[in-house]
Amino acid sequence: MKLFSEVRQVCGQTTVKKIRELESQQKKLARHRNHLVYNLRCKDESITPPSLRLKTGIRTRNAKDIIHKAEKALVRERIRVVNNKILNIKEKQQRISEELEAELPENLQEAVRLHVIKSGEREFQVTRSRHLGKFERLQQANLQQQQASDIDLSGTQLKKWVVNISGKSLSDSQTKVLQKGLNFAVTPDKLPVEDFVVATESACAGLPLSSAEQLRSEVAGILKTAKPPKNNITKQERDALKELRKDKDLLVLPADKGKATVVMDKSDYEKKRLSTSYRED
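So in this note's numbering the end of the sequence shown lands on 345, straight run, no missing numbers.
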């Protein structure tokens, strides 16, 4: 490459090696940033990456809960580790950049900076595409598993019921979406950009001015190309949820016992609550 030939001629091979190392660190940073986003998405969707999945020969519900909690803890730990690696990479980049600034003439400093940035951007896009594909496959598998759990089960296995004791009938879509359970997390139909901006500004408050500007620029770049996660419910189910939320006469509650979801009239709920209160007095 012409740039490296010029640097080698002006500054020597040692400086070329430092530029190559800075470029390598920029690519590594791009990969780790994508890895961080991937794991944050897995955490938000309660999805365990295959490399963190645990197995046990014990087939009890308690064992299953222990495995689930341990896997969630491993995802959080991986996020912490990746964050630390990103900080270490940035520190190494800063050190190399300072050395190059002292060695390179001004006309080559900008050329090197642009070369490193472009190299990192290419690596970021390649890695991003790969991680998006992995996440979508995991999300689809998770959705299929959740849908399978909605099927009526027999014997001693647990069921998820929807008990409608209101004066209104539920549509098939409303019933189906409620069968997923009250803890089911629906993927957003758009990215919460405002939340990201607020969180970024909060983080920037404790950073030096240059670091804050760099963070804002990085977040803006990610948001520019980011897309909402793939829907985990159908359009009909999403519309059904909106209808239920708009209906102020209905309440959707967990049953006192078991895993049932109860739909009841708000007026009946208030009467029951007042009646219970009087008895306690």
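Even glycine gets a Cβ: it sits at the ideal position worked out from N, Cα and C.
Identify which residue in Gln300, Gln238 and Leu279 has its Cα closest to the Cα of leucine 314. Ranking Gln300, Gln238 and Leu279 by Cα distance to leucine 314 puts Gln238 first.
In whole angstroms, give me the CA-to-CA distance for serine 218 and lysine 323. For serine 218, the pLDDT reaches just 37, beneath the cut-off of 50, and the residue's location in the model is therefore unreliable, leaving the point undetermined.
Taking aspartate 129 as part of the beta strand (DSSP E), name the residues at either end of that continuous run. From DSSP, aspartate 129 is part of no beta strand (DSSP E) but of the alpha helix (DSSP H) over 125 to 167.
Contacts around arginine 142, its chain only, beta-carbon distance under 6 Å, and the 5 residues preceding and following it disregarded: Asn103
Buried or exposed for alanine 304, going by 16 or more other Cβ atoms inside 10 Å? Buried: at least 16 other Cβ atoms inside 10 Å.
Mark isoleucine 229 as exposed unless 16 or more other C-beta atoms lie within 10 angstroms of its C-beta, in which case mark it buried. exposed
Other residues of its chain near glutamate 163: CB distance less than 8 Å, five sequence neighbours each side excluded: Lys82
Arginine 123 and glutamate 135 closer than 9 Å at C-beta: no
Let me know the secondary structure DSSP gives leucine 234 once reduced to three states. coil
From which residue to which residue does the beta strand (DSSP E) around valine 327 run? 325 to 329
Residue span of the beta strand (DSSP E) that contains leucine 315, given as start and end: 314 to 318
I need the boundaries of the beta strand (DSSP E) containing valine 226, first residue and last residue. 226 to 228
Looking at C-alpha atoms only, which residue of Leu242, Gln300, Leu287 and Asp129 is the closest neighbour of asparagine 98? Leu287
Rounded Cβ spacing between alanine 166 and leucine 67 (contact assumed at less than 8 Å): Between leucine 67 and alanine 166 the Cβ distance is about 19 Å, and since that is not below 8 Å, they are no contact.
Do you know offhand how far valine 180's Cα is from valine 139's? 31 Å
So what's serine 110 in DSSP terms, helix, strand or just coil? coil
Under the rule that 16 or more other beta-carbon atoms within 10 Å means buried, what is valine 250, buried or exposed? exposed
Beta-carbon separation of threonine 120 and isoleucine 111 under 9 Å? no
If contact is defined by three or more beta carbon pairs under 8 Å, each pair taking one atom from either stretch, is the region 87 to 98 in contact with the region 185 to 195? yes
Might you give, ordered along the chain, the residues of its own chain that have their beta carbon closer than 6 Å to the beta carbon of histidine 195, omitting 5 neighbours on each side? Asn98 and Tyr102
Starting from the Cα of glutamate 170, find the closest Cα among Val327, Cys75, Asp253 and Ala276 and give me that residue. Cys75
Could you check where the alpha helix (DSSP H) with serine 275 kicks off and where it finishes? 273 to 289
Below 9 Å between beta carbons: does that hold for leucine 100 and valine 146? yes
Buried or exposed: histidine 96, going by 16 or more other Cβ atoms within 10 Å of its Cβ? buried
Mark asparagine 296 as exposed unless 16 or more other C-beta atoms lie within 10 angstroms of its C-beta, in which case mark it buried. buried
Nearest-angstrom Cα separation, counted from lysine 291 out to aspartate 236: Taking the straight line from one Cα to the other gives about 30 Å.
Residues of its chain near valine 71, where Cβ-Cβ distance is below 8 Å and the 5 sequence neighbours each way are ignored: Thr79, Val80, Ile83, Leu168, Leu172 and Val176
Where glycine 76 sits in the DSSP three-state scheme: coil
Would you kindly report the start and end of the unbroken alpha helix (DSSP H) that includes phenylalanine 260? Where phenylalanine 260 is concerned, the enclosing alpha helix (DSSP H) stretches over 257 to 268.
Between glutamine 300 and the rest of its own chain, which residues show a CB-CB distance below 6 Å, the 5 nearest in sequence each way excluded? Ser237
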